[in-house]
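Remarks on the structure that follows.
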């Protein structure tokens, strides 16, 4: 199944409440979940108290899951009070509040994907402390949190009136941590480094073909020679290679102007989430201000889709074809 992850709209409230009802009816341990009402949902879709994200099944348009984020500030029910946070820290805290996946769509990793999208939405804002609660016996949700970099900040505390919960915490890295990233032209000295990164990139789910060293070598040679159709770029910080990008040139008769294809955008795992991909897109946009920018992305790659949409990209309605 394929899903579109997007911000919730006011018209989604009824469907969100149905997802919640269906998920709760299927729970073996209903005490693990604290339901919200329609008023709460509406406030977190179009108000300053937080935001809500949803996953929509692409074939049917059915709402498959939702994820709410609460910006509690210094409110009495803010989780940070339980951790001894100062008022200054509370005002930089976002609560990963609630997530439900409708039973037919469980097992597709939607909770984790929506969590990543929520973090990307917050990254670059003033919110750097992320908090969440999980029932001590809810191993699946606990695994999702720990797998995404959260740690248990408090065990078996009373939340939501009389509910026993563990509180999870994660400090969100700022987009500004990439301010020292340098984007420069690829050179012959980069051959080995780029070859290694291409092997990783083309063996990942982000790419449909695996490529070969022969193809990679031709690509790199095109980038470092006087080939007029392709350009290669390196992303560096203090001499450390963070990733690479490749851009190919063509002309779009549909739009009557130059077209720049962002063929490869690869960021090493330890540098992801720092806004480097967005910085590269901005770099190309400024270098070719009159060009149409295009790229390819797997729709299931929710994190990449979210980054590209925030940079102004949108999906074409038609599919591409190829002949080798």
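Numbering (the numbering used here), first residue to last: 2 to 325. We treat Cβ as the ideally placed atom computed from N, Cα and C, and that holds for glycine.
Cβ-Cβ distance between residue i and residue j below 8 angstroms
i: residue 144; j: residue 170; result: no
i: residue 208; j: residue 202; result: yes
i: residue 55; j: residue 43; result: no
i: residue 236; j: residue 277; result: yes
i: residue 296; j: residue 284; result: no
i: residue 286; j: residue 243; result: no
i: residue 253; j: residue 294; result: no
i: residue 97; j: residue 133; result: yes
i: residue 173; j: residue 131; result: yes
i: residue 103; j: residue 24; result: yes
Per-residue DSSP class, three states only, for residue i
i: residue 250; result: strand
i: residue 10; result: coil
i: residue 278; result: helix
i: residue 177; result: In this predicted model, residue 177 has a pLDDT of only 48, less than 50, meaning its place in the structure is not dependable; the value taken from the coordinates is given anyway. Residue 177: helix per DSSP, three-state reduction.
i: residue 145; result: helix
i: residue 287; result: helix
i: residue 272; result: helix
i: residue 54; result: strand
i: residue 80; result: helix
i: residue 243; result: strand
i: residue 73; result: coil
Range covered by the beta strand (DSSP E) that runs through residue i
i: residue 267; result: 258-268
i: residue 118; result: Taken as a continuous stretch (DSSP letters only), residue 118 belongs to no beta strand (DSSP E), being part of the alpha helix (DSSP H) at 111-123.
i: residue 98; result: 94-102
i: residue 60; result: Premise fails: residue 60 is in no beta strand (DSSP E) and is neither H nor E.
i: residue 131; result: 130-135
i: residue 158; result: 152-160
i: residue 167; result: 164-172
i: residue 236; result: 231-238
i: residue 296; result: Careful: residue 296 lies outside any beta strand (DSSP E) and carries neither H nor E.
Extent of the continuous alpha helix (DSSP H) run through residue i
i: residue 200; result: 192-202
i: residue 311; result: 303-311
i: residue 39; result: 39-47
i: residue 1; result: Since the displayed the chain opens at 2 and closes at 325, residue 1 lies outside it and no answer follows.
i: residue 89; result: 88-91
For residue i, the nearest candidate out of the options (CA to CA)
i: residue 68; options: 79, 183, 95; result: 95
i: residue 8; options: 90, 64, 196, 83; result: 64
i: residue 164; options: 88, 319, 78, 128; result: 78
i: residue 80; options: 113, 45, 155, 58; result: 155
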